[in-house]
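Read the structure below first, then the notes.
Protein chains: 2
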Amino acid sequence: MNNLDVCLTPDLLHLHTVDNTIVVVADVFRATSCMVTAFAYGVGSIIPVATVDECRDLQQRGYLAAAERNARTVEGFDLDNSPFSYMDERLQGADIAMTTTNGTLAITKSRAAVKVLVGSFLNLEAVARYLRTQPYDVLVLCAGWKGRVNLEDTLFAGALADRLRDEYALNEDGALMAHRLYVDGKDNLINYLANASHIRRLQRLGIQKDIAYCLQHDLYDVVPVLRGSALVRMDV
Amino acid sequence: MNNLDVCLTPDLLHLHTVDNTIVVVADVFRATSCMVTAFAYGVGSIIPVATVDECRDLQQRGYLAAAERNARTVEGFDLDNSPFSYMDERLQGADIAMTTTNGTLAITKSRAAVKVLVGSFLNLEAVARYLRTQPYDVLVLCAGWKGRVNLEDTLFAGALADRLRDEYALNEDGALMAHRLYVDGKDNLINYLANASHIRRLQRLGIQKDIAYCLQHDLYDVVPVLRGSALVRMDV
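This is the structure:
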């Protein structure tokens, strides 16, 4: 039986070897929820970049560009970090460059893996269904907040562990902790997250609607995967 | 209201500033449980050192020495890493040098704090009672396992957060997660830890008795504190 492990923040990624592993990156508030929504609405590709400067370079070369820092849109970019901004028919087939505080950095740090997938509650079952067919170990990489752990990405990791608990072993305590927390909170995730630090950060920005949306399970049958430097939609 | 935060492993300590903070180090299986037991039985001081070589040097200078790596006693030392070894009247007033895989390293990494305390379930209420009188933030530093998070130290952090929840704010997700896990598991910690990786590691060594002992709450009214390079007993 292959192993499913959870890395609670990119600052602990040095403790994991990913070369025989599929990495699932989660930044559910809101980068990876945006990405999944964008592909569900027909975006062609998303290039995740680590810095605002790289993102601006790609914008000047014709990409639609999205840059977020500290939960706010950086001035001068085309798209923000709300998933509702990606429900736009004008984005069909578009190529997007994106940088966010945590999520895109987690993706760029995972390049050595067999595959890098983008996960969120919105495509939870699609990711699980794909992984059930794969012969590799799985590492869920929580994007966290500036190196720190966060509750929402940990809950996603626990949700994926829960879906895969018959097919993968949960041998490591990071995976056990995530799974226990998800089982403890799943009946009312919004309530369970009420005191989480990023929820408080986002509520100050008035985006409760985004939070409720990002916690919906299994809305889309879409699995974004990293091919070279771009995320594309994988047909599963 | 001061803040209680939890650092789930020493590999995340760089994200925390500890200069206006009291750090409580926990390595409940078994280093900090040994230390608390040793002071309860009258040991004079314990010098935590990071390496086996430093420990051997102190042994040659007359200290009783305890060295553990990978949950086993290193050959040639006087004491092992079982708390029962410290229930010995011959240790009264003795000075001990100790190095362990995770716990002593966590202590030596915390030296910049206002105070470094040693915590375990065995002295949980004694630590909580002392902290209720203090005007500083608190950081619970979980020793983890070779940089990784572990469930047992996280549960201790959650237990301390639970005891202090009226006096300290739990603003960060590390603290929230630890607290939620403790509340979820507290009615049967042995059962809750049954699949934890270090429990499986220890059970292979046949030391279930140590595990049950280390999970007992509030056995001793002892708070070890770091003074210079040595842990001593603080009267509270």
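Protein chains in written order, with the UniProt record's numbering: chain A, 1 to 236; chain B, 1 to 236. We put the beta carbon where it would ideally sit given N, CA and C, even for glycine.
State the Cα-Cα distance for the pair residue i and residue j, rounded to the nearest angstrom.
i: A/D166; j: A/I22; result: 18 Å
i: B/R163; j: B/Y220; result: 16 Å
i: A/T100; j: A/A31; result: 7 Å
i: A/L122; j: B/V138; result: 37 Å
i: B/A194; j: B/G228; result: 38 Å
i: B/N188; j: A/E172; result: 20 Å
i: B/L4; j: A/Q92; result: 47 Å
i: A/L231; j: A/G103; result: 13 Å
i: A/G62; j: A/C214; result: 29 Å
i: B/G147; j: A/Q208; result: 35 Å
i: A/I46; j: A/D95; result: 6 Å
i: A/L176; j: B/L151; result: 8 Å
i: B/F29; j: A/G76; result: 53 Å
i: B/S197; j: A/T37; result: 37 Å
i: B/L226; j: A/F84; result: 53 Å
i: B/Y182; j: B/G144; result: 16 Å
i: B/F156; j: A/C34; result: 36 Å
i: A/Y168; j: B/Y136; result: 44 Å
i: A/G158; j: B/D78; result: 43 Å
i: B/A97; j: B/S120; result: 19 Å
i: B/T154; j: B/A178; result: 5 Å
i: A/R56; j: A/I211; result: 27 Å
i: A/Q216; j: A/I190; result: 10 Å
i: A/E68; j: B/D27; result: 38 Å
i: residue 242 of chain B; j: B/E54; result: For residue 242 of chain B there is no data in the structure shown, the boundaries of chain B being 1 and 236.
i: A/M87; j: B/L15; result: 36 Å
i: A/Q203; j: A/S82; result: 13 Å
i: A/L105; j: A/Y192; result: 27 Å
i: B/M1; j: A/N2; result: 46 Å
By the DSSP assignment, the alpha helix (DSSP H) with residue i in it spans what residues?
i: A/T104; result: 103-109
i: B/K209; result: 208-214
i: B/E152; result: 151-163
i: B/R180; result: 173-185
i: A/M234; result: Element bounds for A/M234: not the alpha helix (DSSP H) but the beta strand (DSSP E), 230-234.
i: A/V127; result: 124-131
i: A/N191; result: 189-192
i: B/I15; result: Contrary to the premise, residue 15 of chain B reads as Leu rather than Ile in this sequence. Here B/L15 belongs to no alpha helix (DSSP H), and DSSP marks it neither H nor E.
i: B/S197; result: 197-204
Report the neighbours of residue i on chain A: residues whose CB is nearer than 7 Å to its CB, in chain order.
i: B/D184; result: R180, D184
i: B/S197; result: N171, E172, D173
Under 9 Å between beta-carbons, which chain B residues line up against residue i? List them in chain order, please.
i: A/V140; result: Simply none; closest approach about 14 Å.
i: A/D11; result: D11, L12, H14, L15
Run down chain A in chain order and give the residues with a C-beta less than 8 Å from the C-beta of residue i.
i: B/N3; result: By Cβ distance, chain A contributes nothing, its closest Cβ being about 11 Å from B/N3, past 8 Å.
i: B/L8; result: L8, V149
Sort out for me which residues DSSP pairs residue i with in a bridge.
i: B/P48; result: B/M98
i: A/K115; result: A/I22
i: A/D5; result: A/L139
i: A/P224; result: A/R233
i: B/L79; result: B/A66
i: B/T73; result: B/E68
i: A/R56; result: Partner(s): none; A/R56 has no beta bridge.
i: A/R148; result: A/W145
i: A/Y168; result: A/N2
Cβ closer than 7 Å: which chain B residues qualify as neighbours of residue i?
i: A/V25; result: Here the premise fails: no neighbours, minimum Cβ distance about 18 Å.
i: A/S110; result: Within chain B, no residue comes near A/S110; the closest Cβ sits about 18 Å away, beyond 7 Å.
i: A/T17; result: Under the 7 Å cutoff, chain B gives no residues; its nearest Cβ is about 13 Å from A/T17.
i: A/T154; result: M177
Leaving aside the five residues before and after residue i along the sequence, list all residues of the same chain whose C-beta is less than 8 Å from its C-beta, in chain order.
i: residue 241 of chain A; result: Chain A is shown only over 1 to 236; residue 241 of chain A falls outside these bounds and no answer can be derived.
i: residue 267 of chain B; result: An answer regarding residue 267 of chain B cannot be provided, because it is not within the stretch 1 to 236 covered by chain B.
i: B/T108; result: P48, V49, A50
i: A/L205; result: A71, R72
i: A/V149; result: L8, T9, C142
i: A/I80; result: Here residue 80 of chain A turns out to be Asp, not Ile, going by the sequence shown. Closer than 8 Å at Cβ, skipping near neighbours: A66, E68, T73.
i: B/R132; result: L164, E167
Starting from residue i and walking both ways along the beta strand (DSSP E), at which residues does that stretch end?
i: A/V28; result: Neither: A/V28 is in no beta strand (DSSP E) and is coded neither H nor E.
Spatial neighbours of residue i within its chain, please: CB distance less than 7 Å, with the 5 preceding and 5 following residues excluded, ordered by chain position.
i: A/G174; result: D5, V6, C7, L8
i: B/R201; result: A71
i: B/D134; result: The displayed chain sequence assigns Gln, not Asp, to residue 134 of chain B. Answer for B/Q134: I22, listed in chain order.
i: A/S110; result: V18, V23, V25, V116, L141
i: B/L170; result: L4, A161, L176, H179
i: B/V74; result: V52, A67, E68
i: B/L13; result: C7, K109, L141
What does residue i touch in chain B if you count any residue whose Cβ is under 8 Å from its own?
i: A/G174; result: R148, V149
CB-CB under 6 Å to residue i, same chain, minus the five flanking residues each way: which ones, in chain order?
i: A/Q59; result: A65
i: A/D218; result: L124, E125
Any C-beta of chain D sitting closer than 9 Å to the C-beta of residue i?
i: B/Y130; result: This model lacks chain D altogether; the protein chains it does include are A and B.
Going by the C-beta, is residue i closer than 8 Å to any heavy atom of the ligand FAD?
i: B/Y63; result: Because no ligand of any kind appears in the structure shown, any question about the ligand FAD cannot be addressed here.
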